[in-house]
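**Student:** All residue numbers for the sequence shown refer to this note's numbering, where the first residue is -18 and numbers rise by one.
Take a look at the following structure, please.
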Amino acid sequence: MGARLSLVLALIATIAMSACATKVERIDADEVKDLSGQWNDTDSRLVSEEMIADLLSRPWRSDFERLKKKQPTVIVGGMRNLSQEHINLNTFVRDIERALINSGKVSFVASSVERGDIREERADQDLHAREDTRKPMGQEIGADFMLKGEINTLFDKEGKRQVRFYQVDLTLISLADNRKVWLGQKKIKKFVTKASLRP
-18 MGARLSLVLA
-8 LIATIAMSAC
2 ATKVERIDAD
12 EVKDLSGQWN
22 DTDSRLVSEE
32 MIADLLSRPW
42 RSDFERLKKK
52 QPTVIVGGMR
62 NLSQEHINLN
72 TFVRDIERAL
82 INSGKVSFVA
92 SSVERGDIRE
102 ERADQDLHAR
112 EDTRKPMGQE
122 IGADFMLKGE
132 INTLFDKEGK
142 RQVRFYQVDL
152 TLISLADNRK
162 VWLGQKKIKK
172 FVTKASLRP
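In structure tokens:
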């Protein structure tokens, strides 16, 4: 009887442990899985692609190319998260940079942090690299325009239902004279229903 009880208890323990086991399923990176209703990778990708497509289609670019006879050079400046939730801005900035670079319609220069690393490497080359392979200082390309932006949110909640509203504003500014040459805005609204809601 004792052996039988031990077997039953062992079986129950095994079933309980298997019920609590973590299950991992690999999915396509482009597949939409909106679990919490919060800002996610799909929002970041779709917003950046749509806004950059609009940016590149506006007159500022053709006006600049006609006047300067070259593609405009762009840098991404500060992006601010003014929302009520944590948003990984690095991912959003990378999505914006990728959309800009892959368009082939603008030149793109490194950020201030990246430039610092590159300048350190050039300084190191100046001391240690063969003369015919050194990259000289003072040959950087200056940006013509800086893209800045912010993400804001508004949440409206009642019981188990919530509307999550996201607004992304981007501004393209001429570095020569501080003119704002393009203003972009994208709004996302999500209706979320679940057992427990946190803002």
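The beta carbon of each residue, even a glycine, is placed where N, CA and C say it ideally should be.
Using DSSP with H/G/I as helix, E/B as strand and the rest coil, what is aspartate 150?
**Tutor:** Correct three-state label for aspartate 150: strand.
**Student:** Taking leucine 128 and leucine 153 to be in contact with their CB atoms under 8 Å, please state how far apart those CB atoms are, rounded to whole angstroms.
**Tutor:** Their Cβ separation, rounded to whole angstroms, is 5 Å, which keeps leucine 128 and leucine 153 in contact under 8 Å.
**Student:** Given this structure, state the Cα-to-Cα distance separating leucine 178 from glutamate 66, to the nearest angstrom.
**Tutor:** Caution is warranted here: a pLDDT of 48 is assigned to leucine 178, below 50, making its placement in the model unreliable, and the coordinate value is therefore given only provisionally. Near 13 Å, if we compare the C-alpha coordinates of glutamate 66 and leucine 178.
**Student:** What three-state label does DSSP hand leucine 178 in the structure shown?
**Tutor:** Any reading at leucine 178 must be qualified, since the residue scores a pLDDT of 48, below 50, and its modelled position is unreliable; the value itself is stated next. Leucine 178: coil per DSSP, three-state reduction.
**Student:** Do methionine 32 and lysine 167 have their C-beta atoms within less than 7 Å of each other?
**Tutor:** Yes.
**Student:** Helix, strand or coil for aspartate 137? Go by DSSP, reduced to three states.
**Tutor:** In the structure shown, aspartate 137 sits in a strand (DSSP, three-state: E or B).
**Student:** With DSSP as the reference, please indicate the residues paired to arginine 142 in a beta bridge.
**Tutor:** For arginine 142, which the question treats as bridged, DSSP gives the partners Glu139, Thr174.
**Student:** By how many angstroms is the C-alpha of asparagine 133 removed from the C-alpha of arginine 183?
**Tutor:** Summary: the structure shown does not reach residue 183, with the chain confined to residues -18 through 180, and so no result is reported for it.
**Student:** Compute the Euclidean distance between the alpha carbons of alanine 110 and glutamate 101, then round it to the nearest angstrom.
**Tutor:** Straight-line Cα distance between these residues: approximately 13 Å.
**Student:** On the three-state DSSP scale, how would you describe arginine 42?
**Tutor:** Helix, per DSSP.
**Student:** With C-beta atoms as the reference, is lysine 86 less than 7 Å away from leucine 37?
**Tutor:** It is a contact, given that the beta carbons lie within the stated cut-off.
**Student:** Looking at threonine 54: is its Cβ nearer than 7 Å to the Cβ of aspartate 125?
**Tutor:** Yes, the Cβ-Cβ distance between threonine 54 and aspartate 125 is below 7 Å.
**Student:** Hey, quick one: how far does the alpha helix (DSSP H) through threonine 72 stretch, first residue to last?
**Tutor:** Its alpha helix (DSSP H) spans residues 70 to 84.
**Student:** Where does glutamine 106 fall in DSSP's three states?
**Tutor:** Helix, per DSSP.
**Student:** Please return the same chain residues whose Cβ sits closer than 8 Å to the Cβ of glutamate 131, not counting the five positions on each side in sequence.
**Tutor:** Around glutamate 131: Met60, Arg61, Asn62, Leu63, Val149, Asp150.
**Student:** Among the residues of its own chain, which have a CB less than 7 Å from the CB of serine 29, if the five just before and after it don't count?
**Tutor:** Counting only Cβ-Cβ distances below 7 Å, and skipping sequence neighbours, we find Phe73, Asp76, Ile77, Ala80.
**Student:** With a threshold of 16 other CB atoms inside 10 Å of the CB of valine 162, please say whether the residue is buried or exposed.
**Tutor:** Buried: at least 16 other Cβ atoms inside 10 Å.
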